[in-house]
Amino acid sequence: MFLAYEVILVLVFILASPWFLLIGLMRGKYLPSLRERLGRHAGAPSANDLWVQAVSVGEVIAARTIVRAIQNARPGLSIVVTTTTLTGQTMAKALFPECRIAYFPFDFTLSVNRFLDHYAPRAYVTVETEIWPNVTRLCAARGVPVGLVNGRISDRSFARYRRVRLLLGRVLGHYRSMSVREEADRERLAAMGAPRDRIHVDGNVKFDFDAGDSPLEIAPEIERLARGRKIVVLGSIVEGEEELVVRELPAIAATGAFVVLAPRKPERFDAVGRAIEIAGIPMLRRSTLAFGKGEADLLLLDSIGELARVYRLATLAFVGGSLVTAGGHNPIEPAACGVPVAFGPHMSNFREIAAVFLDSGAAFEVSTPAALTRLIDQLLHDDSTRSEHARRAFAVIDRNRGAATRIATHVLEML
Numbered sequence: 001m002f003l004a005y006e007v008i009l010v011l012v013f014i015l016a017s018p019w020f021l022l023i024g025l026m027r028g029k030y031l032p033s034l035r036e037r038l039g040r041h042a043g044a045p046s047a048n049d050l051w052v053q054a055v056s057v058g059e060v061i062a063a064r065t066i067v068r069a070i071q072n073a074r075p076g077l078s079i080v081v082t083t084t085t086l087t088g089q090t091m092a093k094a095l096f097p098e099c100r101i102a103y104f105p106f107d108f109t110l111s112v113n114r115f116l117d118h119y120a121p122r123a124y125v126t127v128e129t130e131i132w133p134n135v136t137r138l139c140a141a142r143g144v145p146v147g148l149v150n151g152r153i154s155d156r157s158f159a160r161y162r163r164v165r166l167l168l169g170r171v172l173g174h175y176r177s178m179s180v181r182e183e184a185d186r187e188r189l190a191a192m193g194a195p196r197d198r199i200h201v202d203g204n205v206k207f208d209f210d211a212g213d214s215p216l217e218i219a220p221e222i223e224r225l226a227r228g229r230k231i232v233v234l235g236s237i238v239e240g241e242e243e244l245v246v247r248e249l250p251a252i253a254a255t256g257a258f259v260v261l262a263p264r265k266p267e268r269f270d271a272v273g274r275a276i277e278i279a280g281i282p283m284l285r286r287s288t289l290a291f292g293k294g295e296a297d298l299l300l301l302d303s304i305g306e307l308a309r310v311y312r313l314a315t316l317a318f319v320g321g322s323l324v325t326a327g328g329h330n331p332i333e334p335a336a337c338g339v340p341v342a343f344g345p346h347m348s349n350f351r352e353i354a355a356v357f358l359d360s361g362a363a364f365e366v367s368t369p370a371a372l373t374r375l376i377d378q379l380l381h382d383d384s385t386r387s388e389h390a391r392r393a394f395a396v397i398d399r400n401r402g403a404a405t406r407i408a409t410h411v412l413e414m415l
């Protein structure tokens, strides 16, 4: 069965190679990391206590919370963190200065074995739910315990996984420990073939997010540009949603707000910037900001790793990916900063978090960009409602903290 999987994987890789090459040449993606993904790593090999895999930015942020809890419980562990995406790699290097950072290997036997030879981890955990048969099989063959942390099985993933239940059952049988967010995730993992007695419901580590107090270099400049206006942050705006938001910007600007707009993906920075210019909104870009110079009604946050700290400056935050069917993004980050939060109706990737916030009266749901503008206009002039929603949001976070500590306990039991 594993042989058939590898043959299919190799065929897919060969067929997709021209596309990867084209995209790599056009956007500068994939090619710089290809050597590492194939298992060729720079530097001298060295043993590590723990290997943590986090696909992209959201998973890296969650991983940071878990790793911090692990390090607090057992200082001095050597940890290697891998990511799949370029943006995840950039974020990991910023958040894990004390760890070794690498790209996750392709799930070929040769690539994975090279990785394991080079980094020699004592245990491997993957953040959220990323199941790679060869990584799991080869770790288990070397006696390296395998774990899942902050796991979640979405409706779409569950339907897809059930089609390959026979293979998954064998893969999941190698997992030593699986920490999931809620009971429904445990039931789904068990239905996929995971041993029920190894699944722990530990809650969602994203509620342990710490806004922190690390300085934000551009904070004084944003406040200068705002010129006393209240700041509205439109965060993690995705392709397809961008045009809806940009069309609404003149109306949002008319409320008197200063806007910080953060596209989700770096490759969209330039396209969004051009669209804002066409819309006629006076704009400056973070990447070309000349401190102390220029005036604008909008700052395009074309940077990686600053959004969570920019939320601290906001009067209201809108979390994107939610006005279109992209699944939404994490509302906890602005809420942890004491900022009232709004999002659209499409929050399937954060369904349980969105439900907790809405049921507690701690967030606003808007169905259209025009509804968002009306909400902004209302809240800019209603200090009492803003303060109450911020208080409720922080209370929701406080009630749900603690997952990272529970997860850390299970991970340390694997070492």
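Start counting the sequence shown at 1; every next residue gets the next number (my numbering). Don't be surprised by glycine CBs; every beta carbon is placed ideally from N, CA and C. Nothing here was measured: the structure is a model prediction, and the numbers come from that model.
Quiz item: Under the three-state reduction of DSSP, which class applies to E182: helix, strand or coil?
Solution: Correct three-state label for E182: coil.
Quiz item: Hey, would you say A271 sits closer than 7 Å to L284, going by beta carbons?
Solution: no
Quiz prompt | Whole-angstrom distance between E306 and G143, CA atom to CA atom | solution = 39 Å
Quiz item: Alpha carbon to alpha carbon, how far is Q89 from N330?
Solution: 19 Å
Quiz item: Considering only residues of the same chain and omitting the five flanking positions on each side of S360, which have a CB-CB separation below 6 Å?
Solution: R392, V396
Practice problem: Output the distance between the C-alpha atoms of R264 and F104, rounded to the nearest integer angstrom. | Solution: 22 Å
Quiz item: What do you reckon, are the CB atoms on D208 and R401 nearer than 7 Å?
Solution: yes
Quiz item: How would you label V10, buried or exposed, when you count the other beta carbons within 10 angstroms and need 16 or more for buried?
Solution: exposed
Exercise. Classify D117 as buried or exposed, calling it buried when 16 or more other Cβ atoms lie within 10 Å of its own Cβ.
Key: exposed
Self-check item: N48 versus S78, E36, V67, residue with shortest Cα-Cα distance
Solution: S78
Quiz prompt | the segment 170 to 190 in contact with the segment 303 to 321 per 3-pair CB rule at 8 Å | solution = no
Quiz prompt | Euclidean distance between Cα positions of V81 and Q53 | solution = 6 Å
Quiz item: I199 and T315 look like a contact to me (Cβ under 8 Å); what is the Cβ gap, rounded to whole Å?
Solution: Not really, about 42 Å apart at Cβ, beyond 8 Å.
Quiz item: Within this structure, are the beta carbons of V127 and V411 separated by less than 7 Å?
Solution: no
Quiz prompt | Beta-carbon separation (whole angstroms), V60 vs M91, contact threshold 8 Å | solution = Going by Cβ atoms, the distance from V60 to M91 rounds to 5 Å, so yes, they are a contact pair.
Exercise. Return yes when the Cβ of G338 is within less than 7 Å of the Cβ of F269, no when it is not.
Key: no
Quiz item: Does the distance from the C-beta atom of D107 to that of V135 stay below 7 Å?
Solution: yes
Quiz prompt | beta strand (DSSP E) runs wholly inside the segment 116 to 186, at least 3 long, in chain order | solution = 121 to 127, 146 to 151, 175 to 180
Quiz item: What residues match up with E59 in a beta bridge as DSSP calls it?
Solution: The partner list for E59 (beta bridge, DSSP) is empty, contrary to what the question assumes.
Practice problem: Would you check if the segment 249 to 267 and the segment 365 to 380 touch, i.e. whether three or more CB-CB distances between them fall below 8 Å? | Solution: yes
Practice problem: Return the CA-CA distance between A317 and A342, expressed in angstroms with no decimal places. | Solution: 6 Å
Quiz item: Are the Cβ atoms of V260 and V205 separated by less than 7 Å?
Solution: no
Quiz prompt | N- and C-terminal bounds of the alpha helix (DSSP H) containing G273 | solution = G273 -> alpha helix (DSSP H) spans 269 to 279.
Quiz prompt | Enclosing beta strand (DSSP E) for G88 [first to last residue] | solution = Careful: G88 lies outside any beta strand (DSSP E), inside the alpha helix (DSSP H) at 86 to 95.
Quiz item: Looking at C-alpha atoms only, which residue of F13, V238, F158, A257 is the closest neighbour of P266?
Solution: V238
Quiz item: Is P133 closer than 7 Å to V171 when the C-beta atoms are compared?
Solution: yes
Quiz prompt | Cβ distance (whole Å) where H346 is taken to contact T373 below 8 Å | solution = Contact flag wrong, Cβ pair sits at about 18 Å.
Quiz item: Where does F258 fall in DSSP's three states?
Solution: strand
Self-check item: Between the CA atoms of A362 and A335 - distance to the nearest angstrom
Solution: 9 Å
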